[in-house]
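Just so you know, the sequences run in chain order A and B.
Note that the numbering used here gives residue 106 to position 70 of the first sequence, counting from 1, and the numbers run on in steps of one.
Note that the numbering used here gives residue 201 to position 165 of the second sequence, counting from 1, and the numbers run on in steps of one.
Remarks on the structure that follows.
Number of protein chains: 2
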Amino acid sequence: MPLCVVGSVALDSVETPTQQRDNVLGGSAVYFSYAASFFTTVRLAGVVGDDWPADNTAMLQARSIDTDGLQVVQGGKTFRWRGKYLPNMNDRETLELHLNVLATFDPVLPEAYRQCKFLFLANGSPTYQMKAIDQCPAASLIVADTMDHYIRNEREGLDKLLRRVHGLVLNDSEAKLLTGDDNLVRAGEAVRRMGPRFVVIKKGEHGAMFFGEDELYVMPAYPTARVVDPTGAGDSFAGGMMGYLAEQGNFEPKTLKRSLAYGTLMASFTVEDFSLDRLRTINRADLEKRMEEYKSMLSF
Amino acid sequence: MPLCVVGSVALDSVETPTQQRDNVLGGSAVYFSYAASFFTTVRLAGVVGDDWPADNTAMLQARSIDTDGLQVVQGGKTFRWRGKYLPNMNDRETLELHLNVLATFDPVLPEAYRQCKFLFLANGSPTYQMKAIDQCPAASLIVADTMDHYIRNEREGLDKLLRRVHGLVLNDSEAKLLTGDDNLVRAGEAVRRMGPRFVVIKKGEHGAMFFGEDELYVMPAYPTARVVDPTGAGDSFAGGMMGYLAEQGNFEPKTLKRSLAYGTLMASFTVEDFSLDRLRTINRADLEKRMEEYKSMLSF
Numbered sequence: 037m038p039l040c041v042v043g044s045v046a047l048d049s050v051e052t053p054t055q056q057r058d059n060v061l062g063g064s065a066v067y068f069s070y071a072a073s074f075f076t077t078v079r080l081a082g083v084v085g086d087d088w089p090a091d092n093t094a095m096l097q098a099r100s101i102d103t104d105g106l107q108v109v110q111g112g113k114t115f116r117w118r119g120k121y122l123p124n125m126n127d128r129e130t131l132e133l134h135l136n137v138l139a140t141f142d143p144v145l146p147e148a149y150r151q152c153k154f155l156f157l158a159n160g161s162p163t164y165q166m167k168a169i170d171q172c173p174a175a176s177l178i179v180a181d182t183m184d185h186y187i188r189n190e191r192e193g194l195d196k197l198l199r200r201v202h203g204l205v206l207n208d209s210e211a212k213l214l215t216g217d218d219n220l221v222r223a224g225e226a227v228r229r230m231g232p233r234f235v236v237i238k239k240g241e242h243g244a245m246f247f248g249e250d251e252l253y254v255m256p257a258y259p260t261a262r263v264v265d266p267t268g269a270g271d272s273f274a275g276g277m278m279g280y281l282a283e284q285g286n287f288e289p290k291t292l293k294r295s296l297a298y299g300t301l302m303a304s305f306t307v308e309d310f311s312l313d314r315l316r317t318i319n320r321a322d323l324e325k326r327m328e329e330y331k332s333m334l335s336f
Numbered sequence: 037m038p039l040c041v042v043g044s045v046a047l048d049s050v051e052t053p054t055q056q057r058d059n060v061l062g063g064s065a066v067y068f069s070y071a072a073s074f075f076t077t078v079r080l081a082g083v084v085g086d087d088w089p090a091d092n093t094a095m096l097q098a099r100s101i102d103t104d105g106l107q108v109v110q111g112g113k114t115f116r117w118r119g120k121y122l123p124n125m126n127d128r129e130t131l132e133l134h135l136n137v138l139a140t141f142d143p144v145l146p147e148a149y150r151q152c153k154f155l156f157l158a159n160g161s162p163t164y165q166m167k168a169i170d171q172c173p174a175a176s177l178i179v180a181d182t183m184d185h186y187i188r189n190e191r192e193g194l195d196k197l198l199r200r201v202h203g204l205v206l207n208d209s210e211a212k213l214l215t216g217d218d219n220l221v222r223a224g225e226a227v228r229r230m231g232p233r234f235v236v237i238k239k240g241e242h243g244a245m246f247f248g249e250d251e252l253y254v255m256p257a258y259p260t261a262r263v264v265d266p267t268g269a270g271d272s273f274a275g276g277m278m279g280y281l282a283e284q285g286n287f288e289p290k291t292l293k294r295s296l297a298y299g300t301l302m303a304s305f306t307v308e309d310f311s312l313d314r315l316r317t318i319n320r321a322d323l324e325k326r327m328e329e330y331k332s333m334l335s336f
């Protein structure tokens, strides 16, 4: 079943303690789409400027990612982010952030997108996330991501959004900020009381926690020695999760749990190289192989 | 099969954001012994001053913990620690530390202790840890814990110790300090190259990682909303782990994996109240009930 995503499309520049890449393909909706494309057709909505390399779009299309909803603003510039990872590879500093065309992004979804039953609102302003929801009346599963900037500066819009979505995916620090509670178990439950039926707290190298109506569980990250660039890990997590759900066509508790495992593994591949470079080298069989290892790791 | 432990016995004073306790029963060997006593007979070696309440000893003995190896120094004072937890309940400051009789501790193990096949060296100076090993020629499984202080100040002794133990248990920050590597997967493997056949890295609220000859796995912490006092969680983890191994009488890969799960759960109970207060309210059936929940949480 196809999956619609609305979010940022970016050109990223990334510095790690040992390497650097400039203007590589990035953005929350891009990582999400690529990860989800291992499972299902993805319809990507976002905005870029005319500096956006056509090759990038072609590469996404070759993965059966529908880019009809990718607006190209003539004379505009693509959203750019430059960041630097600290030696622990978990903390990072934003060195430059140019919203460019993303600042005035107004999602207008093509007809095929509006029929989607599965909708993901990648990191972005609650205002445009809400506009996307309004255009997708057929959506039976709406999941959003958010971040500290919107928690601090667009709280009212975010609160409204939380009452419209079925699921929320956010980082541990964001969950603490949103709820004012440093205990993640309580924080996750508090976020659920704000509206979403389920909440996923992403803890980076420490895995993820799931909060549902009668369920609370944790999933460790897949341990990898090769952390090259953590950018996009959280978005790939969401892409693996939503992609699997859309492939299965349901979001029952069992399916949701397996979807978190797929999200965990997509994130583990993403961090093993810059941009989408590692994801571009793997296929579904590689993913299933890692899934077997992961399941065996967790059984005793 | 009985289990021998050598380590600190303390009177702790603990401040959390909402509560405070003074001079409560603590110390690495005490938490370890109590947690292990759910599984097997424990022989505790340590040292206290004559300010040590006899009630504490009686309480441990009532758990079938052998205290023949607990030296009482007349005219001496028991090791005391005062610490304060930050609001996140994961980071803490040491406000006061008085080694007192622990400063000159020279373990002399009673005969029954010397016959033990399972030996745990709780956090302490590598010098006295090594002395304990020398007195236990029958030990077929020797596992040690260590901490930043000894990594920084007694590195030579620690390096020697690492070549004498079969297993090492340490915190994530300590593994990074010991190896100079911020990636825990690489750090764990690097510690193994220093001597131990297996290494367990404890990550507090994020669980634990295991490194064996052909095995690497992670186990998440059991999620609890009720974190009252994290003191002793790591020692209880080790106690649950070693206690289960001693009960089973082997340390094959399957047994080791289950032992880590028991360690995880003992730690989860310990943090739910001050000192040993939570552990004193549970029995083996409570532990097995949480084990069922934990296993179900990790299966999908």
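Using N, Cα and C, we set each Cβ at its ideal position, and we do this for glycine too.
**Asked** Nearest chain A C-beta to B:R294 closer than 8 Å, yes or no?
**Response** As a working note, residue 294 of chain B is residue 258 in the second sequence. Chain A contact via Cβ: present.
### Distance between A:L138 and B:A303 (C-alpha atoms, nearest Å)
By 1-based counting over the second sequence, the position of residue 303 of chain B is 267. By 1-based counting over the first sequence, the position of residue 138 of chain A is 102. One C-alpha to the other measures close to 47 Å.
**Report entry** Continuous alpha helix (DSSP H) stretch holding B:H185: start and end
**Finding:** Along the second sequence, read from residue 1 onward, the residue named residue 185 of chain B stands at position 149. Run containing B:H185: 184-189, per the alpha helix (DSSP H) assignment.
Apart from the five residues just before and just after A:A223, which ones in its own chain have a Cβ nearer than 6 Å to its Cβ?
The residue you call residue 223 of chain A lines up with position 187 of the first sequence. Closer than 6 Å at the Cβ level, and outside the excluded window around A:A223, lie A211, K212, T215, D217.
Q) Which residues, in chain order, does the region 110-133 of chain A contribute to contact with chain B at a C-beta distance below 8 Å? A) Hits within the stretch, in order: P123, N124, M125.
Kindly provide the ranges of any beta strand (DSSP E) runs that are 3 or more residues long and lie completely inside the region 223-267 of chain B, ordered along the chain. If we require 3 residues or more, the beta strand (DSSP E) runs fully inside the region 223-267 of chain B come out as 234-238, 244-247, 252-255.
Checklist entry - When you compare each of A:A168, A:G160, A:R228 to A:D184 by their alpha carbons, which one comes out closest? => result The residue you call residue 184 of chain A lines up with position 148 of the first sequence. Among A:A168, A:G160, A:R228, the Cα nearest to that of A:D184 is on A:G160.
* Are A:R79 and A:Y149 touching if we call contact CB-CB under 8 Å? -> For the purposes of this step, residue 79 of chain A is taken as residue 43 along the first sequence, with counting starting at 1. For the purposes of this step, residue 149 of chain A is taken as residue 113 along the first sequence, with counting starting at 1. Contact: yes.
message: Taking the alpha carbon of A:A175 as the reference point, which residue from A:H134, A:L194, A:H202 has its own alpha carbon closest?
response: By one-based count along the first sequence, residue 175 of chain A stands at place 139. Cα-wise, what sits closest to A:A175 is A:H202.
Checklist entry - How long is the line joining the alpha carbons of B:E129 and A:Q97, rounded to whole angstroms? => result Residue 129 of chain B sits at position 93 when you count from the first residue of the second sequence. Residue 97 of chain A sits at position 61 when you count from the first residue of the first sequence. Approximately 54 Å, taken between the alpha carbons.
Chain-ordered neighbours of B:F234 on chain A, where CB pairs are closer than 8 Å: By one-based count along the second sequence, residue 234 of chain B stands at place 198. For B:F234, no chain A residue has a Cβ inside 8 Å of its Cβ, as the nearest lies near 15 Å away.
Exercise. Take the Cβ of B:Q110 as the centre, count every other Cβ of all protein chains shown within 10 Å, and call the residue buried at 16 or more, exposed below.
Key: As a first step, residue 110 of chain B is located in the second sequence; it is residue number 74 there, counting from the start. B:Q110 should be labelled exposed.
Practice problem: In the DSSP assignment, find the alpha helix (DSSP H) that holds B:G275 and state where it starts and stops. | Solution: Along the second sequence, read from residue 1 onward, the residue named residue 275 of chain B stands at position 239. Here the alpha helix (DSSP H) through B:G275 covers 269-284.
Exercise. Name the chain A residues whose beta carbon is nearer than 7 Å to that of B:A297?
Worked result: For the purposes of this step, residue 297 of chain B is taken as the residue at position 261 of the second sequence. Correct list: F336.
- Taking the DSSP output, what are the residues bridged to A:G85? On the first sequence, residue 85 of chain A is found 49 positions in, with the first residue counted as 1. When DSSP reads this structure, A:G85 sits in a beta bridge with A:V109.
Tell me whether B:E192 is buried or exposed, calling it buried when 16 or more other Cβ atoms sit within 10 Å of its Cβ.
Numbered from its first residue, the second sequence carries residue 192 of chain B at position 156. Result: exposed.
query = Taking the alpha carbon of A:S64 as the point to measure from, which residue in A:C152, A:V235, A:T182 has its own alpha carbon closest?
reply = Here residue 64 of chain A refers to the residue found at position 28 when the first sequence is read from its first residue. Each of A:C152, A:V235, A:T182 was checked against the Cα of A:S64, and the nearest Cα belongs to A:T182.
Exercise for review: Out of A:L135, A:D104, A:I101, state which residue places its alpha-carbon closest to the alpha-carbon of A:R116.
Suggested key: The sequence position of residue 116 of chain A within the first sequence is 80, counting from 1. Of A:L135, A:D104, A:I101, the residue nearest in Cα terms is A:L135.
(message) Cβ closer than 9 Å: which chain A residues qualify as neighbours of B:D309?
(response) The residue given as residue 309 of chain B occupies position 273 in the second sequence. At a beta-carbon threshold of 9 Å, none of the residues of chain A lie near B:D309; the nearest stands roughly 15 Å away.
What do you get for A:L122, buried or exposed, if any count of 16 or more other CB atoms within 10 angstroms of its CB means buried? Here residue 122 of chain A refers to the residue found at position 86 of the first sequence. Flag for A:L122 reads exposed.
- [ ] May I ask you to list the residues that DSSP assigns as paired with A:T54?
- [x] Mapped onto the first sequence, residue 54 of chain A falls at position 18. Beta-bridge analysis with DSSP links A:T54 to no other residue.
query = Going straight from the alpha carbon of A:P38 to that of A:E328, what length do you get?
reply = On the first sequence, residue 38 of chain A is found 2 positions in, with the first residue counted as 1. On the first sequence, residue 328 of chain A is found 292 positions in, with the first residue counted as 1. Approximately 26 Å between the Cα atoms of the pair.
Open item on the list: Applying the 10 Å Cβ sphere with the 16-neighbour rule, what's the burial state of B:G240?
Closed with: By one-based count along the second sequence, residue 240 of chain B stands at place 204. With 16 or more Cβ atoms within 10 Å of its Cβ, B:G240 is classed as buried.
| request: Note down, in chain order, all residues in the region 203-224 of chain B with a beta-carbon under 9 Å from any beta-carbon belonging to chain A. | output: Near chain A, meaning a CB-to-CB distance below 9 Å, the residues of the region 203-224 of chain B are K212, D218, N219, L220, V221, R222, G224.
Problem - Extent of the continuous alpha helix (DSSP H) to which B:L323 belongs - result: By one-based count along the second sequence, residue 323 of chain B stands at place 287. Note, B:L323: alpha helix (DSSP H), 320-333.
Fill in: A:T24 classed as buried or exposed, judged by whether at least 16 other C-beta atoms fall within 10 angstroms
This structure does not reach residue 24 of chain A, given that chain A is present from 37 up to 336, and the question cannot be answered.
Notebook entry, point to check: Could you give the distance in angstroms between the alpha-carbon of B:D142 and the alpha-carbon of B:F287?
Noted result: Taking the second sequence and counting its residues from 1, one reaches residue 142 of chain B at position 106. Taking the second sequence and counting its residues from 1, one reaches residue 287 of chain B at position 251. Their backbone Cα atoms lie some 29 Å apart in a straight line.
Exercise for the section: With 8 Å as the threshold, decide whether the Cβ of A:T260 is near any Cβ in chain B. Expected result: In the first sequence, the residue the question calls residue 260 of chain A occupies position 224. So yes, A:T260 belongs to the interface.
Exercise. Please confirm if the region 291-307 of chain A is in contact with the region 248-261 of chain B, defined as three or more CB-CB distances below 8 Å between the two stretches.
Key: No, the region 291-307 of chain A is not in contact with the region 248-261 of chain B.
* Which residue comes first and which comes last in the beta strand (DSSP E) that contains A:L131? -> To locate residue 131 of chain A, count along the first sequence from 1; it is residue 95. Boundaries of the beta strand (DSSP E) around A:L131: 128-134.
* State the Cα-Cα distance for the pair A:A158 and A:D271, rounded to the nearest angstrom. => Here residue 158 of chain A is taken as the residue at index 122 of the first sequence, counted from 1. Here residue 271 of chain A is taken as the residue at index 235 of the first sequence, counted from 1. Near 7 Å, if we compare the C-alpha coordinates of A:D271 and A:A158.
Assign A:T267 to buried or exposed, taking buried as 16 or more other Cβ atoms, counted over all protein chains shown, within 10 Å of its Cβ.
Working through the first sequence from its first residue, we reach residue 267 of chain A at position 231. Buried, since its Cβ has 16 or more Cβ neighbours within 10 Å.
Check your understanding: Applying a beta-carbon distance threshold of less than 8 Å, which residues of chain A neighbour B:K239?
Key -> Within the second sequence, residue 239 of chain B is the residue found at index 203, counting from 1. Those within 8 Å of B:K239 in chain A are H242.
- Can you name, in chain order, every residue of its own chain whose Cβ lies under 6 Å from the Cβ of B:Y70, other than the five neighbours on each side? For this step, residue 70 of chain B is matched to residue 34 along the second sequence. L312, L315, listed in sequence order.
For this session: Please go through the same chain and pick out, in chain order, the residues whose beta-carbon is closer than 7 Å to the beta-carbon of A:E225, but skip the five residues on each side of it.
Result: Stepping through the first sequence from its first residue, residue 225 of chain A is reached at position 189. Taking C-beta separations shorter than 7 Å and ignoring five residues to either side along the sequence, the partners of A:E225 in its chain run F247, following chain order.
Would you please state the rounded distance, in angstroms, between the beta carbons of B:G105 and B:D86? I believe it to be under 8 Å.
Translated into the one-based positions of the second sequence, residue 105 of chain B becomes position 69. Translated into the one-based positions of the second sequence, residue 86 of chain B becomes position 50. Contact flag wrong, Cβ pair sits at about 17 Å.
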